[in-house]
Amino acid sequence: MYDKSNIFAKFLSGEVPVKKIYEDEYAIAFNDINPQAPVHVLVIPKGEYTSFEDFSAKASDAEIAGYVRAIGKVSRQLELDKSGYRLLVNMGANGGQEVPHLHTHIFGGAKLGRMVTVDNTPKS
Ligand code: 5GP
């Protein structure tokens, strides 16, 4: 079930204002509130999809193509296409997904270091 009260749903509905750095028919993009790199942008689809799992299973071909193209356009708009960047989609509990609306992180502006850190903290 899609939770319409999540913060990204509120950005899309306009209930909570957000400074959009990009918008088209399929997606919007905005800066992450807690940046983990010099450039840290989130791109979200306009449709109500909880996660990559949900989106990849249920979105139309047009929505999927539109979303992927939007991510590419934002990366070029930010002039990251020459220097390089990293895309990250967290999915579910092990992925560490916090907001239940699909979002792709775009990181850039510096060398990004190790790709993945595994949390080895013992479970309590
Ligand atoms: P996740 O862990 O779900 O992949 O990433 C969620 C991201 O959303 C985090 O990087 C977090 O900083 C960002 N975020 C959470 N709440 C807000 C908000 O209210 N505004 C913005 N711009 N980013 C947010």
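Taking numbering that gives the first Met the number 0, the leading residue of the sequence shown gets 0, the next gets one more, and so forth. We put the beta carbon where it would ideally sit given N, CA and C, even for glycine. Just so we're clear, the structure is a prediction, and the values are computed from it rather than from any experiment.
Open item on the list: Please tell me whether Tyr25 and Val73 are closer than 8 Å, where the distance is taken between their beta carbons.
Closed with: In terms of Cβ geometry, Tyr25 and Val73 do not form a close pair [threshold 8 Å].
Task: Three-pair Cβ contact test at 8 Å for the stretch 26-40 versus the stretch 105-116 - done: yes
Open item on the list: For Tyr66, tell me which candidate among Ser4, Thr120, His104 has the shortest Cα-Cα distance.
Closed with: His104
Task: Unbroken alpha helix (DSSP H) run spanning Tyr66, endpoints - done: 60-76
Open item on the list: DSSP three-state label for Asn33, please.
Closed with: The three-state reading of DSSP puts Asn33 in coil, since its state is none of H, G, I, E or B.
Task: Alpha-carbon spacing of Val40 relative to Pro121, whole angstroms - done: 32 Å
Task: When Pro99, Asp2, Asn93, Leu77 are compared against Thr116, the one with the closest alpha-carbon - done: Asn93
Open item on the list: Looking only at its chain, what residues have a beta carbon closer than 6 Å to the beta carbon of Gly107, apart from the 5 residues adjacent to it on each side?
Closed with: Val38, Leu79, Tyr84
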